[in-house]
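Visitor: In this note's numbering, the protein residues as written are 178 to 513.
C-beta: ideal position from N, C-alpha, C; glycine also.
Quick one: this structure, given as structure tokens, is what I'll be asking you about.
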Amino acid sequence: MNQQIKTLFKSVTVIFLLFSLAACSPTGDDTPNVVAPPTASTATSDFPYAFDKVATNTWVMHGPIGLPSPKNKGFMNNPGIVKTSAGLVVIDPGSTVHVGNNVLAEIKKVSQLPVVTVFNTHIHGDHWLANQAIKQAYPEAKIYGHTEMLAEIENGEGENWVTLMETMTEGASKGTIVVGPDNAVNNNNVIKVGDTQFKIHHTGTAHTKTDIMIEVAENSVVFLGDNVLALRIGRMVDGTFQGNISAIKTILESNTKTYVPGHGLTGGPAMVENYLNYLTLIYEAAQQAFEDDLDSSDVISITKQTTTAYKDWSGYADELGPHGAQAYSEVEAAEF
Ligand SMILES: [Zn+2]
Numbered sequence: 178m179n180q181q182i183k184t185l186f187k188s189v190t191v192i193f194l195l196f197s198l199a200a201c202s203p204t205g206d207d208t209p210n211v212v213a214p215p216t217a218s219t220a221t222s223d224f225p226y227a228f229d230k231v232a233t234n235t236w237v238m239h240g241p242i243g244l245p246s247p248k249n250k251g252f253m254n255n256p257g258i259v260k261t262s263a264g265l266v267v268i269d270p271g272s273t274v275h276v277g278n279n280v281l282a283e284i285k286k287v288s289q290l291p292v293v294t295v296f297n298t299h300i301h302g303d304h305w306l307a308n309q310a311i312k313q314a315y316p317e318a319k320i321y322g323h324t325e326m327l328a329e330i331e332n333g334e335g336e337n338w339v340t341l342m343e344t345m346t347e348g349a350s351k352g353t354i355v356v357g358p359d360n361a362v363n364n365n366n367v368i369k370v371g372d373t374q375f376k377i378h379h380t381g382t383a384h385t386k387t388d389i390m391i392e393v394a395e396n397s398v399v400f401l402g403d404n405v406l407a408l409r410i411g412r413m414v415d416g417t418f419q420g421n422i423s424a425i426k427t428i429l430e431s432n433t434k435t436y437v438p439g440h441g442l443t444g445g446p447a448m449v450e451n452y453l454n455y456l457t458l459i460y461e462a463a464q465q466a467f468e469d470d471l472d473s474s475d476v477i478s479i480t481k482q483t484t485t486a487y488k489d490w491s492g493y494a495d496e497l498g499p500h501g502a503q504a505y506s507e508v509e510a511a512e513f
């Protein structure tokens, strides 16, 4: 490839990933009922985020709302900690090596135990590029991700995310390299860490092809990844409505008390059902439009009526049209 084509190719890749990132990132500042109040006052001013206790032996750092920027230095997700008799388990440590180091400093305020295990919920780099910081501090820590996530990283998706993060933070993420999961997991695997069991749920393509939801039954908590977002309408470019709906219905059967979304505040089953309801309304509108011989662009005329309860959710105005069109394609495909 000559240089011009190379540059163009790189730009197209970054633009595509930008759309993917918008799929999993909240930009609103609404606050659903949270399990525990924020404890940001204990954090440093340079990184004003701290872990909130959300369940027995379980903490979540609720990341800021917004896309990666020079200001937030890429931090935007919800890192989690579960304390076990063998040490700490971290879920989605964050978006860059620097964020990971800040998250580690806050982890030490919760417990001095070492990090022994990490779970990555899916391929989107804002959730896992901070693996690098964990491995630097705890080289023995095992990192788990879905089989498909390991395959996508093998195909270069990790490097694409490093480039995107560096572009969006205007260099604040510089120094971050790809440290992917070193252990593959799949649906129904149970990983035992000390006295605590972590059950993996994967129901096929949902938010992406790579999602795992991690259930810690004895603490009655599930880490949902971006299969569920709180008060945020996400894009669906890497996933499907049917798959995401199915994943949420499956996890609700666990009758868990506390659910941790990929972005937005932790809540109970009602928070999960609310996101499920939105996805269902979109899909049903697409089915209705298809049956009435309307076009995919007509779905929005239905969803504008049926989804008014979500009109204040972040991303609603931007996503309602694309969501209707994508759901219509899924309905069409299901018919043939
Ligand atoms: Zn995502």
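1. Can you check whether the CB of residue 378 is closer than 7 Å to the CB of residue 416?
2. May I ask you to report which of helix, strand or coil DSSP gives residue 330?
3. Touch check for the segment 405-416 and the segment 488-501: three-plus C-beta pairs under 8 Å?
4. Kindly indicate which three-state DSSP category residue 213 falls into: helix, strand or coil?
5. Which ranges does the beta strand (DSSP E) cover as unbroken runs of at least 3 residues, wholly within the segment 303-379, from first to last along the chain?
6. Cβ atoms of residue 398 and residue 235: under 7 Å apart, would you say?
7. Throw me the rounded Cβ distance for the residue 463 and residue 436 pair, which I believe falls under 8 Å.
8. Under a CB-based cut-off of 7 Å, is residue 405 close to chain D?
9. So which of 353, 232, 317 has the shortest CA-CA distance to residue 278?
10. To the nearest whole angstrom, what separates the beta carbons of residue 271 and residue 252, a pair I think is in contact under 8 Å?
11. Look at the alpha carbon of residue 239 and the alpha carbon of residue 469, and state the distance between them as a whole number of angstroms.
12. Just verifying my parser: in three-state terms, what is the DSSP assignment at residue 476?
13. So, at 7 Å on beta carbons, what are the nonlocal neighbours of residue 330 in its own chain, with the 5 sequence-adjacent residues on each side left out?
14. How would you label residue 228, buried or exposed, when you count the other beta carbons within 10 angstroms and need 16 or more for buried?
15. By Cβ distance, which residues of its chain are closer than 8 Å to residue 292, with the 5 residues on each side in sequence left out?
16. Is the beta carbon of residue 487 closer than 7 Å to that of residue 452?
17. Just to confirm my understanding: we take residue 473, look at its own chain, exclude 5 residues before and 5 after, and list those with CB closer than 6 Å. What are they?
18. Classify residue 407 as helix, strand or coil using the three-state DSSP reduction.
19. Assuming residue 294 and residue 269 make a contact with CB atoms under 8 Å, what is their CB distance in whole Å?
20. When every heavy atom of ligand 1 is checked, does at least one fall within less than 6 Å of the C-beta of residue 223?
21. How would you label residue 347, buried or exposed, when you count the other beta carbons within 10 angstroms and need 16 or more for buried?
22. Considering residue 460, what are the terminal residues of the alpha helix (DSSP H) in which it resides?
23. So, at 6 Å on beta carbons, what are the nonlocal neighbours of residue 370 in its own chain, with the 5 sequence-adjacent residues on each side left out?
24. Using C-beta distances below 7 Å, list every residue in its chain close to residue 500, excluding the 5 sequence neighbours before and after it, in chain order.
25. What's the call for residue 466, buried or exposed, on a 16-neighbour Cβ count within 10 Å?
26. Which residues bound the alpha helix (DSSP H) around residue 504?
27. Would you say residue 301 touches ligand 1, meaning its beta carbon is less than 6 Å from a heavy atom?
Guide: Put simply:
1. no
2. helix
3. yes
4. Note that residue 213 has pLDDT 44, beneath the 50 cutoff, so the model's placement of it is unreliable and the number below is only indicative. Of the three classes helix, strand and coil, the one that applies to residue 213 here is coil, per DSSP.
5. 319-323, 360-362, 367-370, 373-378
6. yes
7. In fact, because the Cβ distance is near 26 Å, the residues do not count as touching under 8 Å.
8. Here there is only one protein chain, and chain D is not present.
9. 353
10. 6 Å
11. 43 Å
12. helix
13. 355, 357
14. buried
15. 264, 265, 266, 267, 281, 284, 311, 314, 315, 318
16. no
17. 502, 505
18. coil
19. Rounded, the Cβ-Cβ distance is 13 Å, inconsistent with contact.
20. no
21. exposed
22. 446-468
23. 261, 263, 266, 294
24. 413, 459
25. buried
26. 493-512
27. yes
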